[in-house]
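Line by line, the protein sequences give chains H and D.
If you're matching positions, the first sequence starts at 1 in the working numbering and goes up one per residue.
If you're matching positions, the second sequence starts at 1001 in the working numbering and goes up one per residue.
Glycine is no exception: its CB is placed at the ideal position from the N, C-alpha and C atoms.
Quick notes on the structure that follows.
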Amino acid sequence: MKRIDLQYDLVVIGGGTGGPMAAVKAKERNPQLKVLLVDKANVKRSGAISMGMDGLNNAVIPGHATPEQYVKEITVANDGIVDQEAVMAYAAGSFDMIQELDRWGVKFEKDETGDYAVRKVHHLGSYVLPMPEGHHMKKILYRQLKRGRVEVTNRVVVTRVLTGADGAVNAVLGFDCRTADFYVIRCKAAVISTGAAGRIGLPASGYLMGTYENPTNCGDGHAMAYHAGADLANLECFQINPLIKDYNGPACAYVTGPFGGFTANSKGERFIECDYWSGQMMLEFHRELQSGNGPVFLKLDHLAEETIGEIEHILHTNERPSRGRFHEKRGNDYRSEMVEMHISEIGFCSGHSASGIHVNARGETSVKGLYAAGDCASVPHNYMLGAFVYGRLCGENAAEYCDGRNPLAVDEDAVEAERARIAAPLGRGDGLTPFQVEYKTRRLVNDYLQPPKITRKYEIALRRFDEIREDALQMSAANPHELMRAMEAHSILDCAEMAARASLFRTESRWGLYHHYVDFPERNDADWFCHSLLSKGADGAMSLRKKAVEPYIVAIDEQERTAYQRLRVAPSAAAA
Amino acid sequence: MTIAITPTQAPVAVDEDKCIAEKGCTVCVDVCPLDVLAIDLVKKKAFMQFDECWYCLPCETDCPTGAVQVSIPYLLR
Ligand SMILES: Cc1cc2nc3c(=O)[nH]c(=O)nc-3n(C[C@H](O)[C@H](O)[C@H](O)COP(=O)(O)OP(=O)(O)OC[C@H]3O[C@@H](n4cnc5c(N)ncnc54)[C@H](O)[C@@H]3O)c2cc1C
Ligand code: SF4
Ligand code: SF4
């Protein structure tokens, strides 16, 4: 393993969506700043938006929605447990970001008057803006990286962020997944934008990479933040999605909803009033499956030919373009048959749900000099636009922070320990393969952690994870690629344990199916109207504590507070 | 203990008549987010080295000669 030493002011970890924005905005704020964008893949095609995106799920556009309205909507959809200031920082920056992306060449749907063609999918307000030509997102971002003279290193897997004697970030460590070269990158600040932890649970198909999230996003960022001493928030609020069965991609009620498509039971009846992904929606989905009215389907077969053609064009060319060939192989034509859906395996993702590395409204984590943006950070329901807005906030604030800071000495013992940890699987001639360790961890996550949550099952899971941790020390890797999978298996184990411990901590039920805890079936605002924070304790083990919900800046009235709890279609309406 | 090899059918196929890797092309290998494609150094053609595919399609879309064909992996097809 060759060692490569580099020095920068700011290192951005993850070049998917929020990362490139952070790097570009840091350079805009201070063109003298030395900024490195590192990705384990290639920034040209990395991350959730690798092939583009179908639309903005959370656009806050004057005339269609106000930032206050949006903050209310997200507060209510998350059962009140939000840092409203952080949600507001997104909402207030949303429209500026849309206009900037528009100037950069992103094509949003507009009506005849040139106004943005916003659609209603959420329960209360209108925030969905289609991007029928959304397949060019990555090209546009790449152009901005070039223009902003951001340096890029591809195929380097970051594994740890180190802090110095003053507790502030001073280095980023990782390795090249093709050569296994070991990277030591000294820096003054770092932004983590490694996306969701999308490889904790195992897809029902049994195919390891058949996940909803881009499987490069396996929770490395969550693990590195944890080991750097950062707080992670509300991890028990899992991400669980309503997806196309087996394909495990979005069934896309957001895209089809405005055209008249909807989520239906096996009788073709609507059973939820609002297809917006929330924990409560997932709970109704789960109940429908339990009730004998399942499976659940995406229903389009009642729509006009012209409408279906348009839907097919969007769904089969952007975002997940292989969706069309999946349906084709099964002879599933939207015109004649509903599309079978199911409930996904669990993950962490603030883009769709609400958990992640804790950040405030400036994108700062609890570790000095460490920022986080996008799906890995804790700002709820942030989606793509939230990754961009927080990318910008992190980039600008990190650039300011770097001013006047001098790099401190890096702890060479810590560097050597990490080098040895990474090198170990390569040196072993035989042992467990990374595939086996990952598969077993994720299979056990499904067996024991998939909600409904049960204390006894969670306790068994924790014991099994401990055993796998021992086993994982025997992993061997035949080449640098397998080494990447081996290091990822460690991140996945860390995330699985975090998911279990955070869930056991919150002894109530909340967020619908996301934290549906059978032993404590009721919501308990008296004891649990708070965030949970997980961090590395003094003894090196995971420790949990409560954090009061920050004072609201937008008041919520009683009627609004319960909006998302009334999602089930009333029986008479369903019969109509 | 030894390590056994379990073969699987790779979901990505490369048409070797169309692939121009011998002229230095590595586009599909470069863009794959999962880093599962490689160039066979003997044949000088691209191929799928690891069956770890997200069926996301950058390899197929960006190949300059249309040599790459992605199928949905069998387990979830
Ligand atoms: C299938 C799908 C459909 C979606 N549809 C929509 C939609 O229609 N509208 C919408 O608004 N949002 C949608 N979203 C959500 C949106 O795409 C995400 O919220 C957003 O793109 C997240 O950005 P990010 O920067 O956090 O993560 P990503 O863009 O995924 O970037 C993470 C990056 O980190 C890199 N990385 C990971 N680990 C490491 C490591 N250890 N070292 C170095 N690099 C690393 C990865 O390679 C990747 O490039 C969708 C998401 C998915 C998966
Ligand atoms: S992109 Fe196409 S031509 Fe180039 S190496 Fe890959 S398969 Fe061959
Ligand atoms: S479809 Fe995606 S994951 Fe599969 S080989 Fe092509 S680029 Fe890689």
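Do residue i and ligand 4 come close, with the Cβ less than 7 Å from some heavy atom?
i                : result
Ile13 of chain H : Among the ligands modelled here, namely ligand 1, ligand 2 and ligand 3, ligand 4 does not occur.
So residue i contacts chain D; which residues on that side make the cut at Cβ distance below 8 Å?
i                 : result
Tyr247 of chain H : Ile1072, Leu1076
Asp231 of chain H : Simply none; closest approach about 29 Å.
Arg155 of chain H : Asp1035
Cys177 of chain H : Asp1035
Lys441 of chain H : The sequence given here places Thr at residue 441 of chain H; Lys does not occur at that position. In chain order: nothing, as chain D lies at least about 16 Å away.
Thr17 of chain H  : Chain D residues near Thr17 of chain H: none, gap ~13 Å exceeds 8 Å.
Any heavy atom of ligand 3 closer than 7 Å to the CB of residue i?
i                  : result
Tyr1055 of chain D : yes
Cys1025 of chain D : no
Cys1059 of chain D : yes
Pro1033 of chain D : yes
Met484 of chain H  : no
Val410 of chain H  : no
Leu208 of chain H  : no
Val1036 of chain D : yes
Which chain H residues are close to residue i, counting only those with a beta carbon under 9 Å from its beta carbon?
i                  : result
Cys1056 of chain D : Arg45, Ser50, Met51, Asn214, Arg320, Pro321, Ser322
Thr1002 of chain D : Asp430
With 16 other CB atoms within 10 Å as the buried threshold, where does residue i fall?
i                  : result
Ala576 of chain H  : Its pLDDT being 35, under 50, Ala576 of chain H is placed unreliably by the model, and the measurement read from it follows with that caveat. Classification of Ala576 of chain H: exposed, given that the 10 Å Cβ count is below 16.
Arg323 of chain H  : buried
Ala573 of chain H  : Unreliable placement is indicated for Ala573 of chain H, whose pLDDT of 44 sits below 50; the coordinate value is still reported in the next sentence. By the neighbour-count rule (16 or more Cβ atoms within 10 Å), Ala573 of chain H is not buried but exposed.
Val518 of chain H  : exposed
Gln84 of chain H   : buried
Thr433 of chain H  : buried
Ile1003 of chain D : exposed
Arg485 of chain H  : buried
Ser291 of chain H  : exposed
Asp557 of chain H  : exposed
Pro1058 of chain D : buried
Thr17 of chain H   : buried
Could you tell me which chain H residues have their CB closer than 8 Å to the CB of residue i, listed as they occur along the chain?
i                  : result
Leu1037 of chain D : Going along chain H, no residue has its Cβ under 8 Å from Leu1037 of chain D, so there is no contact; the nearest lies around 11 Å.
Ile944 of chain D  : There is no way to answer for residue 944 of chain D, as the model of chain D reaches only from 1001 to 1077.
One question on the structure: do residue i and residue j come within less than 8 Å of each other, judged by their Cβ atoms?
i                 : j                 : result
Glu112 of chain H : Pro132 of chain H : no
Ser344 of chain H : Tyr514 of chain H : no
Lys188 of chain H : Arg405 of chain H : yes
Gly63 of chain H  : Asp39 of chain H  : no
Cys402 of chain H : Asp375 of chain H : no
Gly134 of chain H : Met53 of chain H  : yes
Pro242 of chain H : Thr256 of chain H : no
Ile200 of chain H : Ile357 of chain H : no
Gly391 of chain H : Gly93 of chain H  : no
Taking the DSSP output, what are the residues bridged to residue i?
i                  : result
Ile4 of chain H    : H:Tyr183
Arg545 of chain H  : H:Leu533
Glu364 of chain H  : H:Tyr371
His342 of chain H  : H:Leu243
Ile200 of chain H  : DSSP, once it has assigned bridges, lists no residue as partnering Ile200 of chain H.
Arg119 of chain H  : H:Val128
His515 of chain H  : H:Arg510
Gln1069 of chain D : D:Ala1013
Glu151 of chain H  : H:Leu36
Leu173 of chain H  : H:Arg160, H:Val184
Cys218 of chain H  : H:Ala197
List, in chain order, every chain D residue whose beta-carbon is nearer than 7 Å to that of residue i.
i                 : result
Leu208 of chain H : Glu1052
Ser205 of chain H : Leu1075, Leu1076
His481 of chain H : Asp1035, Phe1050
Thr433 of chain H : Ile1003
Tell me whether residue i, by its Cβ, gets closer than 7 Å to a heavy atom of ligand 2.
i                  : result
Ile1020 of chain D : yes
Ala41 of chain H   : no
Pro1064 of chain D : yes
Cys1028 of chain D : yes
Cβ closer than 9 Å: which chain D residues qualify as neighbours of residue i?
i                 : result
Lys329 of chain H : Ser1071, Ile1072, Arg1077
Arg325 of chain H : Tyr1055, Val1070, Ser1071, Ile1072
Cys583 of chain H : Nothing can be reported for residue 583 of chain H: it is not among the residues displayed for chain H, which extend from 1 to 576.
What residues of chain H sit near residue i, judged by a beta carbon separation below 7 Å?
i                  : result
Val1068 of chain D : Within chain H, no residue comes near Val1068 of chain D; the closest Cβ sits about 12 Å away, beyond 7 Å.
Val1031 of chain D : Asn42, Lys44, Arg45
Taking only heavy atoms of ligand 1 into account, decide whether any of them is closer than 7 Å to the Cβ of residue i.
i                 : result
Asn78 of chain H  : no
Asn214 of chain H : yes
Met53 of chain H  : yes
Leu56 of chain H  : yes
Ile492 of chain H : no
Glu319 of chain H : yes
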